[in-house]
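Position in the sequence shown counted from 1, then plus 1051, gives you the working numbering. Backbone N, C-alpha and C fix where the C-beta goes; we use that ideal spot for every residue, glycine too. To start, the structure under review is shown below, and the notes come after it.
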Amino acid sequence: MITQSPVTTFLDELASAAPTPGGGSAAAIMGAMGAALVSMVCNLTIGKKGYEDVEAQARALLAESEALRARLTEMVAEDIAAFDALMAAYKLPKASDAEKLARSAAIQRGLQGATQVPLDCAKVCAEVVRLAGRCAEIGNQNVISDAGVGVLAAWGALRSAALNVNINAPSIKDREFADAKLAELNALLAECGPLSEQVHTRVLGRLG
């Protein structure tokens, strides 16, 4: 599993001429980093003097952020699998009419998968943005900047995943499917853009 490799190995593979891992996998990693930073702030809030009143909230946030981190980590491999499936479809034979039809159908399935996977990633990243907002309100002030880094990582990851939806959706012939996915994505972007700025501003306000 690529997520069990050293960071340097992942970065080397990301920089290589191989098509995977690519931007979709990077988006998932960015989102997982955002969730991990929320977990860090929670861990440094739980049991600390002066934060007894929010300890239960911090523990609940920690459970959520760790679940999101695990899910986003899984999505690295899911993105690679979706891309590989699409590439395999493009390589199918097309000598006869029957082969052309089969290849076209396989490509469309691959495009739908390569649209759904990054959309799912964007949805989880949106959850991290929301969670970082709650963390920024109650987290230990000594490490509150990490909540800010977490929300920026999650927002960057969401926008990155969105690019992978946007590159595949236009080629999908089932416009009802494609338009529905784009509508979901645009709703996430419309919500989380302003929210991430609000969280960032809140963090800045707590730094002094």
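Close beta carbons around residue i, own chain, < 6 Å, minus the five adjacent residues each side
i     : result
G1075 : D1130, P1169 and N1215
C1093 : A1109, L1112 and L1113
S1260 : The structure shown has nothing for residue 1260, since the chain only spans 1052 to 1259.
K1151 : K1145
T1071 : I1131 and F1134
Straight-line Cα distance separating residue j from residue i
i     : j     : result
K1224 : Q1159 : 7 Å
R1226 : A1234 : 12 Å
A1077 : D1197 : 20 Å
L1143 : I1189 : 54 Å
S1069 : L1062 : Residue 1069 is actually Ala in this sequence, not Ser. Going by the C-alpha atoms only, they are around 12 Å apart.
S1001 : E1125 : Outside the modelled stretch of the chain, which goes from 1052 to 1259, sits residue 1001, for which no answer is possible.
M1138 : A1149 : 19 Å
G1207 : S1147 : 44 Å
Beta-carbon separation (whole angstroms), residue i vs residue j, contact threshold 8 Å
i     : j     : result
V1293 : A1183 : Residue 1293 is absent from the structure shown; the chain starts at 1052 and stops at 1259.
L1258 : I1195 : 7 Å
A1157 : A1140 : 4 Å
A1187 : G1164 : With a Cβ gap of about 35 Å, A1187 and G1164 do not count as contacting.
T1096 : N1191 : 4 Å
S1222 : L1162 : 5 Å
G1073 : F1134 : 7 Å
Contacting residues, own chain, Cβ-Cβ under 8 Å from residue i (five flanking each side not counted)
i     : result
E1242 : A1177
G1098 : E1106
L1102 : Just to set this straight, residue 1102 is Tyr in the shown sequence, not Leu. For Y1102, where only same-chain residues beyond five positions count, the Cβ hits under 8 Å are T1096, A1109, I1189 and N1191.
E1248 : none
Close beta carbons around residue i, own chain, < 7 Å, minus the five adjacent residues each side
i     : result
L1239 : A1173, K1174, A1177 and L1209
I1080 : V1127
CB contact below 8 Å: residue i versus chain C
i     : result
L1233 : The structure shown contains no chain C, having only a single protein chain.
Cβ-heavy atom distance, residue i to the ligand NAD, below 7 Å
i     : result
A1149 : With respect to small molecules bound, the structure shown includes none, and the ligand NAD cannot be examined in it.
(message) Please give me, in chain order, every unbroken run of the alpha helix (DSSP H) with length at least 4 that falls completely inside the segment 1060-1129.
(response) Taking only runs of at least 4 residues, the alpha helix (DSSP H) segments lying wholly in the segment 1060-1129 are 1074-1094.
(request) Jot down the residue ranges of each uninterrupted alpha helix (DSSP H) in the segment 1180-1214, minimum 4 residues, whole runs only, in chain order. (result) For the segment 1180-1214, not a single whole alpha helix (DSSP H) run of length 4 or above is found.
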